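As numbered in full-length UniProt numbering, residues 1 to 572 make up the sequence shown, in order. Heads up, the beta-carbon is just placed ideally off N, CA and C, and yes, glycines get one too. Values in this document were obtained by computation on a predicted structure and should not be read as measured data.
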Amino acid sequence: METKNKRSILKIPVLLLMCVVLFSAVSAVSAAGTSDNSTIYVSTQGNDTWDGLNATYNGTSGPKKTITNATGTVATNGTIYIAQGTYNESGINIDHNMTIIGETQTNTIINGKQTGTSIFIILPGINVTLLNLTLTNSTSRDYGGAITNYGTLIINNCTFNNDTGTEGGAICNYFSANLTVANSTFTDNIGHGDSGAIVSVGTLTVTNSIFTGNSAALGGAIAANNILIVTNSAFYNNTATVGGAIADMGTTINSKVNFNSIVGNSPNNSQIYCSVGTLNATLNWWGSNLDPSIYVSNGIVNVTSWLVLNITANSTIFNGVNSTVTVDLLHDNTGTYHDPADGHIPDGTLVTFTATNGSLNPTTTTLINGQTTTLFTANHVGTSIINATVDKQTVTKELTVNPASYLYLNTTTSKANPTIGDTFILTYKLSNSGPDNATNVTVTFQIPTGLKFVNATVDNGTVTYNSTTRTITWTLDNVAVGDPYLYLTVKALGTGSYTITPTITSETYNTNTDPLTPFNINIQKANNTNGSTTVNAASTTQTIPMQKTGMPITGLILAVLAVLGGMLPKRK
């Protein structure tokens, strides 16, 4: 019995050990079966036999070589990071949710190599986000040249160029699909049927994107047959038979196209085309301040309000002074201001400036949040004309430039520390640094009670002294660029510190806004004739009178002579 118990006790640790081993094996298998593929890396230096879990190969793990392999490897709702480089791929079917991110928009390139198949085909019910990619040189015999979307697709910061499709040169957004495009560019794409860039029969939202040089039979840049919202985007030089920029077809849903630049698309009288229903195309910029109804065709395209180019600056400035000139596309044809927070045309729209009788800095700039500024500096009195041009529209601001001077006053004295009774000269130098002459200039100041007016002369203008108010008035009809002088002679009457504070007035604008510096004079007490040492700042001579000894001067002289002559008797 005891032996059986011992055997049973021995079996317990063995069973426990087997359980631990079995559990560990199961855990290892489970871990292996659920390896984390939520992030997959792709590189032109990669290998599709590698696991894709590292951006560079470390001996056991490294990036995938193809996007096709990566999309099949990444977990649902995972992310694929693509290193910069060129990837020659097409026909990539995406059947589960994912995000695909390129290293840089410019240098992460997917070249479709004109295989006749879209680069990406997104299946129904799938959610995909594309960021920082360039999709180029792709052709499709069926739908979108670069992308055919049956699911929900978000595109941000991507470039599509030289793509060709039967329906949608770059993208076809199919029935019931949802497409959102932001911060992207579409250039030189071709649609053999509808839309050079995007054709949509699902829901399409476009913001802050640029469409240039795209072409198709219908809708040079966009052709839509369902919900369409386009804001803060630009359409330049796109071409179609109708709807050079946008064709809104067969929908009764009120689509919106607001705060966009729509310029130079062909045909000129059908830059936006609406076949059925109503398209709200208000508050767009059409390249000029003219009524844009001449640029739309067919159906009901509402263009009753549109953005106009506006220029503002101070109407009157002074010569040599800066003035800020503001140009904006934030006002509509009725003069109503629209906050850029609610929408504005894309940043980067070029503005050029010219001006007469002055300089501009800068002469070329771009709109940011719908506006920009330049600094005008007048260099000539009279009228200055400032022009600002955006696309085909030039607006003008006329400024009146008045003369301006820069007046200031310097004061010096012939004695730095005069004493009571001293007469000294205060020299006032009136300076004008221009740029223009100053007319009818008056300089005034009051002589303090501790000083006595003696005389005043000037080398330009006239000077008067009012003894009742103790005021000096120096008037000049014209002060050219230079330095006229006033010489004021005064006499010190009492000790103390005295301040003379001048003022300057002129009919000509004085650009010197700094206050004039008061001039201080310190009058010292004069020494009496038998007093102590006198030191004058204008003289280094010292007068030292004889000191008193208590002995009559005659006796002192005789005593000195007696000593010298041996006349005094010796003491015994």
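Nearest CA to the CA of D342: which residue from N322, T396 and N284?
-> N284
Residues bridged to C274 by DSSP?
-> D248
Local conformation of G102 per DSSP, three classes | In the three-state scheme derived from DSSP, where H, G and I count as helix and E and B as strand, G102 is classed as strand.
With C-beta atoms as the reference, is A221 less than 8 Å away from A197?
-> yes
Out of curiosity, what's the CA-to-CA distance linking N93 and Q45?
-> 23 Å
Run of the alpha helix (DSSP H) containing I67, from where it starts to where it stops | I67 to T73
Contact the region 407 to 414 vs the region 426 to 439: 3+ CB pairs below 8 Å = yes
Out of curiosity, what's the CA-to-CA distance linking N111 and S140?
-> Those two C-alpha atoms are separated by around 13 Å.
CA-CA distance, T356 and A245?
-> 38 Å
When you compare only the Cα positions, how much space is there between N417 and I523?
-> 6 Å
Is P518 buried or exposed, if buried means 16 or more other CB atoms sit within 10 Å of its CB?
-> exposed
Report the three-state DSSP secondary structure of S323 (helix, strand or coil).
-> strand
Option nearest S138 by Cα separation, candidates G116, G125, I155 and C158 = G116
Got a sec? Which residues, its chain only, sit under 6 Å from V257 by beta carbon, not counting five neighbours each side?
-> V230 and A281
Please name the residue, chosen from V390, G191 and Y487, that lies closest to G165 on a Cα-to-Cα basis.
-> For the options V390, G191 and Y487, the alpha carbon positioned closest to that of G165 is the one of G191.
Smallest Cα separation from K397: which of T326, Q371, V128 and D514?
-> The candidate whose alpha carbon is nearest that of K397 is T326.
State yes or no: is the C-beta of G482 within less than 8 Å of the C-beta of G450?
-> no
Leaving out five residues before and five after S255 in sequence, what residues of the same chain have Cβ atoms less than 6 Å from its Cβ?
-> L228, D248 and L279
In whole angstroms, what is the alpha-carbon distance linking K415 and Y498?
-> 14 Å
Which residue's Cα is closest to the Cα of G202: A146, L179, T212 and I420?
-> Considering only alpha carbons, the answer is L179.
Counting along the chain, where does the beta strand (DSSP E) carrying T159 start and finish?
-> Its beta strand (DSSP E) spans residues T159 to N161.
Can S506 and S405 be called in contact, C-beta distance under 8 Å?
-> yes
Note down, in chain order, each residue of its chain lying with its Cβ closer than 8 Å to the Cβ of L329, except the 5 sequence neighbours on either side.
-> W285, L307, V308, L309, N310, H344, I345, T349, L367, G370, Q371 and V390
Among I147, V296, N69 and A492, nearest to I425 - alpha-carbon criterion = A492
With distances taken from CA atoms, which of S261, N226 and N214 is nearest N232?
-> S261
Of the residues L218, I122 and N183, which one's Cα is nearest the Cα of E167?
-> L218
Whole runs of the beta strand (DSSP E) within the UniProt domain "DUF11" (409 to 513), excluding any shorter than 3 residues = 423 to 432, 438 to 446, 451 to 458, 462 to 466, 471 to 479, 485 to 492, 496 to 500 and 503 to 505
Write down the C-beta distance between Y295 and G264 rounded to the nearest angstrom, noting that I regard them as a contact closer than 8 Å.
-> Wrong, their Cβ atoms sit about 10 Å apart, outside the cutoff.
I190 - partner residues in DSSP beta bridges = T164 and S215
So what's D342 in DSSP terms, helix, strand or just coil?
-> helix
Straight-line Cα distance separating A182 from L153 = 11 Å
Bridge-paired residues (DSSP) for S255 | Residue pairing by DSSP puts S255 in a beta bridge opposite L279.
Are the beta-carbon atoms belonging to L375 and N387 less than 8 Å from one another?
-> no
Distance, V443 Cα to V463 Cα | 9 Å
Quick one: what's got a C-beta closer than 7 Å to N107's C-beta in the same chain, skipping five residues either side?
-> Q84
I126 - DSSP class collapsed to helix/strand/coil | It is coil, neither helix nor strand.
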